[in-house]
Amino acid sequence: MNLPPFKLERYFAKYEFNTEYLLCSSDSESMPVADLLAMEEGAAQKFQQVWLGYTESPGSPALRAEICRLYETMQPEEILIHTGAQEAIFLFMFAAFKEFDHVIVHSPGYQSLAEVARAAGCDVSPWRAREENGWSLDLDELRHLMRTNTKAIIINTPHNPTGYLMAPEDYQAVHTFALENKLLLFSDEVYRESEYDPATRLPAACDLGDHAVSLGVTSKTYGLAGLRIGWVATKNRQIYEKMASLKDYTTICNSAPSEFLAEVAMRNRTRLAERNLGIIKNNLAIIEDLFARHSGRFSWVRPRAGSMAFPRLLKGNVEEFCDRLVKKAGVLLLPGSVYDDARNHFRLGLGRKNLPQAVEKLEEFLSKS
Ligand SMILES: Cc1ncc(COP(=O)(O)O)c(C=O)c1O
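Going left to right, the sequence shown walks through residues 7 to 375 as our numbering numbers them.
Shown next, in the form of structure tokens:
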């Protein structure tokens with residue numbers, strides 16, 4: 007197995023815990039354990055009694071039952087809990103693929119969605135999101151990318167880093183294409199339930215048939231990354247069983263305290279999502295004003311969901327810009343090069359409460375440069 011460094015994580019490793027203003031985070035504002043426990047009467051006392059032995063390998067039955075409520079048709083035995091979404095991506099790729107398989111991957115995107123497939127031996131074709139089309143994907147391009155050895159399509163909507171949300175007719179067409187060509191569809195839905203207009207929420211892929219695997223996590227929409235609880239939901243027994251068996255070699259089972267807290271979180275997920283969406287919408291208005299004041303410096307496609315946008319710096323080199331900004335003003339932006347983007351984009355995070363102060367610092371910096 008050959009895995010190159012995860013560019014985004016290496017960039018964050020330099021700055022995440024020593025920079026005051028993280029203006030590029032993908033997760034929403036988090037909270038202390040006490041605030042989460044206070045959402046439910048009796049939860050704090052029950053938490054004290056959580057047994058610290060090994061837990062059930064597929065995940066606690068109560069947590070899996072709670073996660074089922076995200077979906078229309080899923081049963082607890084169709085949910086497999088992991089340590090974050092990251093472990094689930096890793097195990098899916100090694101469960102589903104073998105050497106010389108071909109996969110089509112939404113691009114630019116979260117690095118492991120392409121890289122782990124490559125490490126599992128796959129030939130990877132990027133399916134490119136086009137900024138000029140609002141970061142949408144072109145279905146004709148998908149047809150052209152298809153080969154005789156294609157095994158899967160991997161998509162991410164709502165999308166990291168652009169905030170793009172697929173149109174329902176395109177989403178349906180991708181499912182139909184996967185079904186007609188007997189492909190697996192891995193649907194990274196970790197930003198689901200953070201659509202700015204709830205009417206635009208897409209059906210979860212796992213509800214649409216056993217060709218599909220949905221990926222979820224507590225980190226993003228619900229703001230609880232420190233729980234490290236992610237999951238896949240799928241009616242595909244073969245994939246499920248293979249992933250469950252691989253998990254015996256990675257984490258065996260999940261952290262008992264985290265499973266308990268995730269169960270509380272998922273029972274209260276609507277409140278958590280609404281709180282975080284409130285922060286995001288407030289921040290969006292501030293960013294819209296910022297870009298209107300600096301239209302000669304930045305352009306952007308306004309996101310439709312999630313906690314990120316992928317604007318473009320119109321003058322200068324974005325890597326140098328981000329480097330100077332973090333060193334001089336203590337504000338972290340993420341240059342698009344960590345996504346192999348060569349067109350001067352950067353990732354902007356919308357989910358943190360201190361975004362107004364970060365934007366003030368950014369403008370102060372702009373006024374001096
Ligand atoms: C699209 C996408 N998928 C998966 C993950 C992994 O989530 P986690 O870090 O909670 O495991 C991320 C994290 O940034 C992501 O943006």
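Using N, Cα and C, we set each Cβ at its ideal position, and we do this for glycine too.
The structure displayed is predicted, hence computed values, not measured ones.
Among the residues of its own chain, which have a CB less than 8 Å from the CB of Leu145, if the five just before and after it don't count? Within the sequence shown, residue 145 is the residue found at index 139, counting from 1. For Leu145, where only same-chain residues beyond five positions count, the Cβ hits under 8 Å are Asp176, Ala179, Val180 and Phe183.
Same chain, Cβ closer than 7 Å to Lys367, neighbours up to 5 away in sequence not counted: Taking the sequence shown and counting its residues from 1, one reaches residue 367 at position 361. Closer than 7 Å at Cβ, skipping near neighbours: Tyr27, Ala335, Gly336 and Val337.
Of all the options Pro167, Lys104 and Met37, which has the alpha carbon lying nearest to the alpha carbon of Arg136? Residue numbering aside, residue 136 sits at position 130 when the sequence shown is read from its first letter. Nearest of Pro167, Lys104 and Met37 to Arg136, Cα basis: Pro167.
Starting from Cys132 and walking both ways along the alpha helix (DSSP H), at which residues does that stretch end? Numbered from its first residue, the sequence shown carries residue 132 at position 126. In the sequence under discussion, the amino acid at residue 132 is Pro, which differs from the Cys named in the question. Not the alpha helix (DSSP H): Pro132 falls in the beta strand (DSSP E), residues Asp129 to Arg134.
Element boundaries [beta strand (DSSP E), containing Asn162]: As a working mapping, residue 162 is identified with position 156 in the sequence shown. First-last of the beta strand (DSSP E) with Asn162: Thr156 to Asn162.
Endpoints, the alpha helix (DSSP H) within which Phe352 is located: As a position in the sequence shown, residue 352 is number 346, starting the count at 1. No alpha helix (DSSP H) holds Phe352; the beta strand (DSSP E) holding it covers Phe352 to Gly355.
Against chain D, does Ala184 count as a neighbour if the rule is that its beta carbon must be under 9 Å from one of theirs? This model lacks chain D altogether, as it is built from one protein chain only.
Let me check you understand the geometry: is the CB of Ser118 closer than 8 Å to at least one non-hydrogen atom of ligand 3? Summarising the ligand content, the structure contains ligand 1 and does not contain ligand 3.
The alpha helix (DSSP H) with Val365 in it runs from where to where? As a first step, residue 365 must be located in the sequence shown, where it is residue number 359. From DSSP, the alpha helix (DSSP H) with Val365 extends over Leu361 to Lys374.
Does the stretch 98-111 come within contact of the stretch 69-81, defined as at least 3 CB pairs closer than 8 Å? The stretch 98-111 vs the stretch 69-81: no contact.
As a quick exercise: from Glu35, Glu93, Glu369 and Phe352, pick the residue whose alpha carbon is nearest that of Leu221. Residue 221 sits at position 215 when you count from the first residue of the sequence shown. When each option's Cα is compared against that of Leu221, the closest is Glu93.
By alpha-carbon positions, which one of Leu320, Gly312 and Ser313 ends up nearest to Trp306? Taking the first residue of the sequence shown as position 1, residue 306 is located at position 300. Nearest to Trp306 by alpha-carbon distance, out of Leu320, Gly312 and Ser313, is Leu320.
I need the boundaries of the beta strand (DSSP E) containing Phe192, first residue and last residue. Stepping through the sequence shown from its first residue, residue 192 is reached at position 186. Following the DSSP letters along the chain, one finds Phe192 inside the beta strand (DSSP E) bounded by residues Leu190 to Asp194.
Reference Asp216, options Gly355, Glu84 and Pro362, closest by Cα: The residue labelled residue 216 in the question sits at position 210 within the sequence shown. When the alpha-carbon of Asp216 is set against those of Gly355, Glu84 and Pro362, the nearest one is in Glu84.
If we count Cβ pairs, one from each stretch, closer than 8 Å, do we get three or more for the stretch 274-283 versus the stretch 217-237? The stretch 274-283 vs the stretch 217-237: in contact.
Cβ separation of Arg310 and Leu171, assumed to be a contact under 8 Å, to the nearest whole Å: Start at 1 with the first residue of the sequence shown, and residue 310 comes out as number 304. Start at 1 with the first residue of the sequence shown, and residue 171 comes out as number 165. So it is a contact: roughly 4 Å between Cβ atoms.
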